Each structure stands twice: as structure tokens, then as C-alpha cells.
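Engineer: If you're matching them up, the sequences are chains W and Z in order.
Just so you know, we're using the UniProt record's numbering here: the first sequence kicks off at 1 and counts up by one.
Just so you know, we're using the UniProt record's numbering here: the second sequence kicks off at 1 and counts up by one.
Don't be surprised by glycine CBs; every beta carbon is placed ideally from N, CA and C.
Bear in mind the structure is a predicted one, so any value in this text is a computation, not a measurement.
Quick one: this structure, given as C-alpha cells, is what I'll be asking you about.
Protein chains: 2
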Amino acid sequence: MAIRKPTITDVARTAGVSKGLVSFALNDKPGVSPETRKRILEVAGDLGWRPSLSARSLSTRTSFALGLVIRRKAEVISADPFFPAFIAGVESALTEEGRALVLSVVPDAEAELRTYRTLAGDNRVDGVFLTDLRENDERFAVLADLGLPAVALGHPTGRDDMPFVQVDDTHGIASAVEHLVSLGHSRIAHVAGDPMMMHGGRRRSSFDEAMREAGLDPSLVIDTDFSASNGADATKRLLDNSHPPTAIVYANDPMAIAGLGVAQQRGLRVPADLSITGFDGTDISGYVFPALTTITSDPVEWGMVAARTLLELIGSGSAESVELPPASLLIRASTGPAPSDSGHHAAHR
Amino acid sequence: MAIRKPTITDVARTAGVSKGLVSFALNDKPGVSPETRKRILEVAGDLGWRPSLSARSLSTRTSFALGLVIRRKAEVISADPFFPAFIAGVESALTEEGRALVLSVVPDAEAELRTYRTLAGDNRVDGVFLTDLRENDERFAVLADLGLPAVALGHPTGRDDMPFVQVDDTHGIASAVEHLVSLGHSRIAHVAGDPMMMHGGRRRSSFDEAMREAGLDPSLVIDTDFSASNGADATKRLLDNSHPPTAIVYANDPMAIAGLGVAQQRGLRVPADLSITGFDGTDISGYVFPALTTITSDPVEWGMVAARTLLELIGSGSAESVELPPASLLIRASTGPAPSDSGHHAAHR
DNA sequence: GGTTCAAGCTATACCGGTTTAGGTGTTGGG
DNA sequence: CCCAACACCTAAACCGGTATAGCTTGAACC
Numbered sequence: 001m002a003i004r005k006p007t008i009t010d011v012a013r014t015a016g017v018s019k020g021l022v023s024f025a026l027n028d029k030p031g032v033s034p035e036t037r038k039r040i041l042e043v044a045g046d047l048g049w050r051p052s053l054s055a056r057s058l059s060t061r062t063s064f065a066l067g068l069v070i071r072r073k074a075e076v077i078s079a080d081p082f083f084p085a086f087i088a089g090v091e092s093a094l095t096e097e098g099r100a101l102v103l104s105v106v107p108d109a110e111a112e113l114r115t116y117r118t119l120a121g122d123n124r125v126d127g128v129f130l131t132d133l134r135e136n137d138e139r140f141a142v143l144a145d146l147g148l149p150a151v152a153l154g155h156p157t158g159r160d161d162m163p164f165v166q167v168d169d170t171h172g173i174a175s176a177v178e179h180l181v182s183l184g185h186s187r188i189a190h191v192a193g194d195p196m197m198m199h200g201g202r203r204r205s206s207f208d209e210a211m212r213e214a215g216l217d218p219s220l221v222i223d224t225d226f227s228a229s230n231g232a233d234a235t236k237r238l239l240d241n242s243h244p245p246t247a248i249v250y251a252n253d254p255m256a257i258a259g260l261g262v263a264q265q266r267g268l269r270v271p272a273d274l275s276i277t278g279f280d281g282t283d284i285s286g287y288v289f290p291a292l293t294t295i296t297s298d299p300v301e302w303g304m305v306a307a308r309t310l311l312e313l314i315g316s317g318s319a320e321s322v323e324l325p326p327a328s329l330l331i332r333a334s335t336g337p338a339p340s341d342s343g344h345h346a347a348h349r
Numbered sequence: 001m002a003i004r005k006p007t008i009t010d011v012a013r014t015a016g017v018s019k020g021l022v023s024f025a026l027n028d029k030p031g032v033s034p035e036t037r038k039r040i041l042e043v044a045g046d047l048g049w050r051p052s053l054s055a056r057s058l059s060t061r062t063s064f065a066l067g068l069v070i071r072r073k074a075e076v077i078s079a080d081p082f083f084p085a086f087i088a089g090v091e092s093a094l095t096e097e098g099r100a101l102v103l104s105v106v107p108d109a110e111a112e113l114r115t116y117r118t119l120a121g122d123n124r125v126d127g128v129f130l131t132d133l134r135e136n137d138e139r140f141a142v143l144a145d146l147g148l149p150a151v152a153l154g155h156p157t158g159r160d161d162m163p164f165v166q167v168d169d170t171h172g173i174a175s176a177v178e179h180l181v182s183l184g185h186s187r188i189a190h191v192a193g194d195p196m197m198m199h200g201g202r203r204r205s206s207f208d209e210a211m212r213e214a215g216l217d218p219s220l221v222i223d224t225d226f227s228a229s230n231g232a233d234a235t236k237r238l239l240d241n242s243h244p245p246t247a248i249v250y251a252n253d254p255m256a257i258a259g260l261g262v263a264q265q266r267g268l269r270v271p272a273d274l275s276i277t278g279f280d281g282t283d284i285s286g287y288v289f290p291a292l293t294t295i296t297s298d299p300v301e302w303g304m305v306a307a308r309t310l311l312e313l314i315g316s317g318s319a320e321s322v323e324l325p326p327a328s329l330l331i332r333a334s335t336g337p338a339p340s341d342s343g344h345h346a347a348h349r
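Here it is as C-alpha cells:
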């Protein structure tokens, strides 16, 4: 029953030409007369021929796949709503191209580098996305060494040899701070992300800048690993402060939700006693109570554009970096006027 | 600078043997004397030779990759905490094997089937995971037709030709119901998942069964698509009821969190007025207020075992199905004694 | 009318492995 | 002493494409 998949030789024989010519016709190369090309493509269609991926890979040294290496501990991976959406965006750009996405989830830096080496050495992918950029990121050197095309997610500071696709998140943080300031808050804290990750660091420094611009003290900052657990701990520490903040800007939604939980557990009313902002605009953030004021970007779009950029880079050897629309503040119910008494929560205005 | 990667021919020449013999030595085939085998492997090591994946793929028709096709609309994908964790588990079993994971996210059924066909036709993967089993699932026929080995996640009812890896979640739902009953609840509702998905349907029918066993009315069920938005809507409908439930069992955590938000927005106290249980034991569920009583499984373990089973199936042509430890109830703060008045929270009987 | 040239096409090497048929050399049995 | 059997190894075909060198053919040109 299992009839063999037709090969290029079958097509060539049926069309009465050499297999080289079939290859030319398939790849739109010159040297084939229009009629012959048409006939070959017809025959190919009739036979249901699809060129073998392995054979093409072997002779062209191309895998027709892109790689995404995510470095997250298994316990934490689910907390990050970014990747599934990003991947969905990547896919939407890939399927039309007949390319596939090879995904790796690795626990630590060593495995991460080894994975890039294996992907490149096995010629498993034609290019990779570089996520979670870090300061002094070793991966730039390794990728350059491997000659593996890559597109960075976010702007790799101090490098202009790699195209990137960036969402300006500084603007979002700044507008959150401005929003809170306009509501009368002056003690505003920031539960930051991992300072070793560029986007964590960038959000932090834009918080810093926005606070200074408003003439406020930007020193109430706690670093985290972006996990809900860290977000809860940071919130406790901030609220234990003798002079606690009236507003907290979180570097992502899960931490903000965890912070909200901590505040509520302590009997604080949000936003009457404490205002809270998240980051990412995850689905769930609109359904907690009170609905989270958050900073939304569009990770699906991000993935789509990043994929297109990477394909462009692989195809033509270079690609323009892209700056996506900045993350914008989505004001919902978790932010409100600062308590008139900027001190503890029992007060009224 | 870019020195060519050594090929099997280089190894053969350096070791002074034919390349066929190198292949034998590499693959532990008989017909190579122990000393020669040792020498060949030494030379291979010295040269840093790694057999070309494309070449092997071409001659063995093996891709050394597994496929995972996820059918989710882009808007919803982030809401599901299952996949990232599952994938992390799969990866942990794959890396040791030098295999890769090819991931596809597709929006609808048509694209889903097309993707399986492409993966098989391109010989892109050696086998696939079958997730989100549905009633009358067309994929079984397609996969059989394609001859693509597959492992099902969850027990495909009425099929014994495909190995599966299952977590008994009926037990979890049942214990949630029992827990609520023991707290004195009698009007218990279920915000179910997609009834077309087997795990949605199964959770629903085990809810049904557990309720009947307790002598309670199991008719308070609302179907959803597992999204937070659906969870919120379902909760509103349930609470708008003239005789609303005192406890709601949700089919996943995001919906439970959304339901919690709705309840709080209406001024209901959880768990004093309304008890809530989730499903999945996501990270964030422990940090909302009140912390969610939920049913935990171990998706990372699930992924690991599923990957091993699929590898076994591909390698030996058959594999034993695996039953993982049942999902278990994690009692936290969102469940409590039923209000003495079983009617509306302001009312008296 | 012969040469030049380009278009269109074929033949074949090649990518880097696996696999099969066959060839050697040594040993052991009759 | 001859042949069979076996262990070890080589040569070459093969997987299914791509790429290159070279062959035909006909038209253009002088």
C-alpha cells in the first residue's frame, strides 16, 4: 500500500528532462524555457512531488528551520507569559515559508551555550533568536564564532553587528510613573526584574530616570528573578518599611498579581491604600480584582516581526533592525489617587 | 579561518580505514575488531568529528527530532500554563539523546492537520505528541495514514493502538468535590473546559460522578474554552443565578483566578461566601489572595515521561503506556466552610 | 557560408553519511 | 592439503537533491 514518495528523478523521467533541469525549474533559476518550466511544474504537481528536505539540507547546508533557545528553570517557565505568545507570532510568519521552529528549553548558561553549539554544528537551524539579553552576554561571541545568524529581541547595548527587534518599554515604565505621579503619589517603588537581563535593567533605569524627572526619590527598588514568589517577597519587604510606598511599579504581571495578593492579605485596599502597576498586559491581568493597570506590548506581533527579520537576515545576509510601537499604559482599576496621608493606610483624605 | 568540519572521509583517511568501517564503528555494528574500533573512535574524537545530521537523515530517513503541534489561537496561548512546563520536561529527556523538538502553534483544525502532513512529508520529525485529545479526533486517522509514530497525552478513549501517558485527573476533581462536601457545601458548580477536549470532558464527567455520589445535583456546569475571559463570564452567570452556588470548581487556574476576581468585585468574601478551587497548581495560584486551593499535577514530569515513551516507541516500534501519579488536591485558603445560609449571601432561609 | 554566441538542456560530480556485496586472510576440519 | 567458515575489511551503490561543466542547436553577424 505504502506507495513511495515521488522523487525528483520520477518527475524528470515523466517530464522527459534531466533532473538537473527539474531542480532549476523548481528554484526559479534561469536556463529553462518557459514552456518546459511550465510542463515540469505541472508534472510535479500531478505527481504530488515535494522535494525532500533532507536531501536539500545535505546539498545546500540549509535546514529550513529557526531556533529558539529559552533559558529558564522548569519551575519558573510557566510563570512567563511572554514566550507562548511570542512563539505563536513566530509560527505565523514561518508556516507560509515552509520553515519550522526548533525549540530548546535549557536550565542554565552552560547548557544554553552547548545548545547553540549543537544546533549550529548539526546544522539543525539556519538562524536563531536571541532572547533575554544580558550584560556582557557571552552568546554574542559564541554565535559569531559559529557563524550562526541571529536576531536579538531587544536592543543589545553596545553592539551594532546584530539586527534586533525592539519594543521600547522605557516609554511604558515612564508613563506608569507619570500616571502615578499625576495621581499624587510620591513614594513610588519598583519591583524590578533580573538586573542581569537587559530588559530588566532597562526597565529599571527608565524607572530611575522617570522618578528623577518628577523630582522623586528613585531608590526604592528591589531586584527579582521575575517570579511570582520573588514578587511577593519584594512586596512584603517594601510594605514592612517604616515608611512604605503608596504605589509599586512591577516589572511583570505575575509579580504584580502576587504583590496584589500580599497587599490584600495585609488588609490594604488597592488602589485606595496602594496602587499597583504590572507589565505585559497578560490575559489574566484584566480579570483579577481590581483589574490591573499594566503596560501592554504585543508579543505576538513581536514574534512575527522577529521571524521575518531573521528570515530576511538569513536570506540576504543583512536585515534592518525594527523598532516596534512602544509599550503603552493600559489604565485599569489597580491605580488610584494617593492616600492623602502618604504614610500608613488607615487614613482618609 | 573557517576550517571545514571534519567528515567521515577525513576520519577514515586518518585512521587508515574505509569510511564504511567508520560508520560501523560509530553505530556499534558488528564486523569491526575491537582494536580498530577503538582506534577509529579515538581518531574521531581527536578530529572532533560529529556525523552530519543532514547526511544521516538522508540515508536513514530519520530526523532525530520530535514534533509538538499545539492548536491554540494566539490570543489564548499565554493563558495556558501547561505547555511551557510540559515542553521543559520534554526537553530534559531530549537533550541527552541529541534530539530536538520541533514546535508548531497553529490556529485551527485545518492548519493542524496540514502541519502534521508537512512534518511527516518533510520527514521533519520521527514522531509526535498528541495533545488536547478530542472526541472523534480526526488526527488518529491522519497519523495512522502518515505512518507517524505518536504518543497521546491522556487516555484516548476507545483506542488501544496508540500508547499514551496519562495523569488521572478524575481523582483530583473528585477529591475537590469531596473536600467541598466535607466543608458542608451542597450547591457546587463546575466551570468546565472545552467539552470537545477529552480532558475537559473527563474532568466534567468526573465532577458529575462525584456529585452524584455525594447525592448532590451535578447540573450546575458551564462550558468554556479554558480562557480567563470565559471563566469570568461563567462565574457571573453562576452568581447571577437566583440560587447561586456556594462553591465553584474550575477546570483550570486562570479561570479560577478570574472567578475570584468576579466574586471580589461583587463584594463576596472568599471563602466565607464562596469557595473556589482551581486546577493545575500554577505558580501564581499560590500568590493570589486568598491563595487558591487547586489540583496539582506535574506537567514537567509528564513531558519527560511522554518524551521517553515516544522515543521508546520510535526506537523499538512499541511502547508501554504510562499512568502517572494522580493529580492531588492542594488545600489552601480559597476554600472554607459553606455559609450557614445556603442561599444568597445576604439572605436567610 | 562559416564563425560566434547565447539559450536550453544533459551528464555528472557532489553533499556525507549508510548499507550491501564482495574480497582477503586466517583458522579448523576432514 | 584442500576447502569451508568465519572475522575483518573495502569498494561502490545509494539516499534525493544541487551545482557545474560541457554539449546541441539555431539565429545573428560579417
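(1) Which of the residues in the region 276-293 of chain W, read from start to end, lie with their CB under 7 Å from any CB of chain Z?
(2) Might you give, ordered along the chain, the residues of its own chain that have their beta carbon closer than 7 Å to the beta carbon of ARG37 (chain W), omitting 5 neighbours on each side?
(3) Out of Z:LEU146, Z:ASP145, Z:ASP168 and Z:GLY147, point me to the one whose CA is closest to PRO156 (chain Z)'s CA.
(4) Is SER318 (chain W) close to chain Z? Criterion is C-beta to C-beta, closer than 8 Å.
(5) What are the partner residues of THR293 (chain Z), as DSSP defines its beta bridges?
(6) Quick one: residues in its chain with C-beta nearer than 6 Å to the C-beta of residue 381 (chain Z), no 5 flanking neighbours on either side, listed in chain order?
(7) What does the Cβ neighbour count give for HIS348 (chain Z), buried or exposed, with the cut at 16 atoms within 10 Å?
(8) Write down every uninterrupted run of the alpha helix (DSSP H) in the region 61-136 of chain Z whose length is 4 residues or greater and which is fully enclosed by it, in chain order.
(9) Looking at chain Z, is there any beta carbon in it that lies within less than 8 Å of the beta carbon of GLY121 (chain W)?
(10) When we look at the beta-carbon of ARG61 (chain W) and count the other beta-carbons within 10 Å, is it buried (16 or more) or exposed?
(11) By how many angstroms is the C-alpha of GLU135 (chain Z) removed from the C-alpha of THR9 (chain W)?
(12) I need the straight-line Cα distance from GLY259 (chain W) to TRP49 (chain Z), nearest angstrom please.
(13) Taking Cβ-Cβ distances shorter than 7 Å, what residues in chain Z pair up with ALA55 (chain W)?
(14) According to DSSP, simplified to helix, strand and coil, what is THR167 (chain Z)?
(15) Looking only at C-alpha atoms, which of Z:THR296, Z:GLY336 and Z:ALA256 sits nearest to ALA85 (chain Z)?
(16) Could you give the distance in angstroms between the alpha-carbon of VAL11 (chain Z) and the alpha-carbon of SER59 (chain W)?
(17) Please list the partners that SER227 (chain W) has in chain Z, where partner means a Cβ-to-Cβ separation under 9 Å.
(18) Can you check the region 142-196 of chain Z for any beta strand (DSSP E) of at least 3 residues that lies completely inside it and give the ranges in chain order?
(19) Since VAL249 (chain Z) and HIS199 (chain Z) should fall inside the 8 Å C-beta cutoff, what is the C-beta to C-beta distance between them, to a whole number of angstroms?
(20) Select from the UniProt domain "HTH lacI-type" (6-60) of chain Z all residues with a C-beta closer than 8 Å to any C-beta belonging to chain W, and list them in chain order.
(21) Say the cut is 7 Å; is the CB of GLY89 (chain W) nearer than that to a heavy atom of the ligand ADP?
(22) Quick check on the DSSP output: the beta strand (DSSP E) that includes ILE284 (chain Z) runs from which residue to which?
(23) In terms of residue numbering, what span does the alpha helix (DSSP H) encompassing ALA44 (chain Z) cover?
(24) Please go through the same chain and pick out, in chain order, the residues whose beta-carbon is closer than 7 Å to the beta-carbon of GLY98 (chain Z), but skip the five residues on each side of it.
(25) Could you give the distance in angstroms between the alpha-carbon of ALA232 (chain W) and the alpha-carbon of SER92 (chain W)?
(26) Hey, out of W:GLY121, W:LEU153, W:GLN166 and W:ASP137, whose CA is closest to GLY147 (chain W)'s CA?
(27) Examine chain Z for any beta-carbon lying closer than 8 Å to the beta-carbon of ARG124 (chain W), and answer yes or no.
(28) Beta-carbon within less than 6 Å of SER334 (chain Z)'s beta-carbon, same chain only, minus the 5 sequence neighbours each way: which residues are those?
(29) Could you check what DSSP says for ALA232 (chain Z) in three-state terms: helix, strand or coil?
(30) Mind checking HIS179 (chain W): buried by the 16 CB within 10 Å criterion, or exposed?
(31) Can you tell me whether VAL22 (chain Z) is helix, strand or coil according to DSSP?
(32) What runs of the beta strand (DSSP E), each 3 residues or longer, lie entirely inside the region 199-263 of chain Z?
(33) Sort W:ARG71, W:GLY89, W:PHE82 and W:LYS73 by Cα distance to ALA74 (chain Z) and report the nearest one.
(34) Can you find a CB in chain Z that lies within less than 8 Å of the CB of LEU238 (chain W)?
(35) Any C-beta of chain Z within less than 9 Å: which residues of the region 97-108 of chain W qualify?
(36) Determine whether the Cβ of SER175 (chain W) lies closer than 8 Å to any Cβ atom of chain Z.
Structural biologist: In brief:
(1) THR282, ASP283, ILE284, TYR287, VAL288 and PHE289
(2) Position 37 of the first sequence, counted from the first residue, corresponds to residue 37 (chain W). Counting only Cβ-Cβ distances below 7 Å, and skipping sequence neighbours, we find ALA25.
(3) Numbered from 1 along the second sequence, position 156 holds the residue referred to as residue 156 (chain Z). Ranking Z:LEU146, Z:ASP145, Z:ASP168 and Z:GLY147 by CA distance to the CA of PRO156 (chain Z) puts Z:ASP168 first.
(4) Numbered from its first residue, the first sequence carries residue 318 (chain W) at position 318. By this cut-off, SER318 (chain W) is not an interface position.
(5) As a working mapping, residue 293 (chain Z) is identified with position 293 in the second sequence. According to DSSP, THR293 (chain Z) bridges with Z:THR277.
(6) The question about residue 381 (chain Z) has no answer, for chain Z in this structure spans 1 to 349.
(7) Here residue 348 (chain Z) corresponds to residue number 348 of the second sequence, with the count starting at 1. With a pLDDT of only 36 at HIS348 (chain Z), under 50, the local geometry of the prediction cannot be trusted, and the value read off the model is given with reservation. Exposed is the call here.
(8) 74-77, 82-94 and 109-121
(9) Taking the first residue of the first sequence as position 1, residue 121 (chain W) is located at position 121. Closer than 8 Å: yes.
(10) Position 61 of the first sequence, counted from the first residue, corresponds to residue 61 (chain W). Its Cβ having fewer than 16 others within 10 Å, ARG61 (chain W) is exposed.
(11) For the purposes of this step, residue 9 (chain W) is taken as residue 9 along the first sequence, with counting starting at 1. For the purposes of this step, residue 135 (chain Z) is taken as residue 135 along the second sequence, with counting starting at 1. Using only the alpha carbons, I get a separation of about 42 Å.
(12) By 1-based counting over the first sequence, the position of residue 259 (chain W) is 259. By 1-based counting over the second sequence, the position of residue 49 (chain Z) is 49. Linking GLY259 (chain W) to TRP49 (chain Z) through their CA atoms gives a straight-line distance of about 52 Å.
(13) Numbered from its first residue, the first sequence carries residue 55 (chain W) at position 55. Near ALA55 (chain W) (Cβ distances below 7 Å), the residues of chain Z are LEU58.
(14) For the purposes of this step, residue 167 (chain Z) is taken as residue 167 along the second sequence, with counting starting at 1. The residue you asked about is not Thr; residue 167 (chain Z) is Val in the sequence shown. DSSP places VAL167 (chain Z) in strand when its eight states are reduced to three.
(15) In the second sequence, counting from the first residue as 1, residue 85 (chain Z) sits at position 85. When each option's Cα is compared against that of ALA85 (chain Z), the closest is Z:THR296.
(16) Counting from 1 along the second sequence, the entry for residue 11 (chain Z) is found at position 11. Counting from 1 along the first sequence, the entry for residue 59 (chain W) is found at position 59. Approximately 20 Å, taken between the alpha carbons.
(17) For this step, residue 227 (chain W) is matched to residue 227 along the first sequence. Under the 9 Å cutoff, chain Z gives ASP283.
(18) 150-153, 164-167 and 188-191
(19) As a working note, residue 249 (chain Z) is residue 249 in the second sequence. As a working note, residue 199 (chain Z) is residue 199 in the second sequence. In fact, because the Cβ distance is near 15 Å, the residues do not count as touching under 8 Å.
(20) ARG50, SER52, LEU53, SER54, ALA55, SER57 and LEU58
(21) As for the ligand ADP, it is missing from this structure, which has no ligand bound.
(22) Sequence index remark: in the second sequence, residue 284 (chain Z) carries index 284 (1-based). It is not in any beta strand (DSSP E) - ILE284 (chain Z) carries neither H nor E in the DSSP assignment.
(23) The residue labelled residue 44 (chain Z) in the question sits at position 44 within the second sequence. That run of the alpha helix (DSSP H) goes 34-47.
(24) Working through the second sequence from its first residue, we reach residue 98 (chain Z) at position 98. Contacts found: PHE64.
(25) On the first sequence, residue 232 (chain W) is found 232 positions in, with the first residue counted as 1. On the first sequence, residue 92 (chain W) is found 92 positions in, with the first residue counted as 1. Answer to the nearest angstrom: the Cα atoms are 35 Å apart.
(26) Translated into positions along the first sequence, residue 147 (chain W) becomes position 147. If we check each option's Cα against that of GLY147 (chain W), W:GLY121 comes out closest.
(27) Position 124 of the first sequence holds residue 124 (chain W). Yes, its Cβ sits closer than 8 Å to a Cβ of chain Z.
(28) Within the second sequence, residue 334 (chain Z) is the residue found at index 334, counting from 1. Same-chain partners within the cutoff: VAL270, PRO271, ILE276, PRO290, LEU292 and THR293.
(29) Along the second sequence, read from residue 1 onward, the residue named residue 232 (chain Z) stands at position 232. In the structure shown, ALA232 (chain Z) sits in a helix (DSSP, three-state: H, G or I).
(30) Sequence index remark: in the first sequence, residue 179 (chain W) carries index 179 (1-based). That one is buried.
(31) Along the second sequence, one-based indexing puts residue 22 (chain Z) at 22. Helix, per DSSP.
(32) 247-250
(33) Position 74 of the second sequence, counted from the start, is the residue given in the question as residue 74 (chain Z). Of W:ARG71, W:GLY89, W:PHE82 and W:LYS73, the residue nearest in Cα terms is W:GLY89.
(34) Here residue 238 (chain W) refers to the residue found at position 238 when the first sequence is read from its first residue. No - not a single Cβ of chain Z is within 8 Å of the one on LEU238 (chain W).
(35) Answer in chain order: GLY98, ALA100, LEU101, VAL102, LEU103, SER104, VAL105, VAL106 and PRO107.
(36) Counted from its first residue, the first sequence places residue 175 (chain W) at position 175. The beta carbon of SER175 (chain W) does not come within 8 Å of any beta carbon belonging to chain Z, so the residue lies off that interface.
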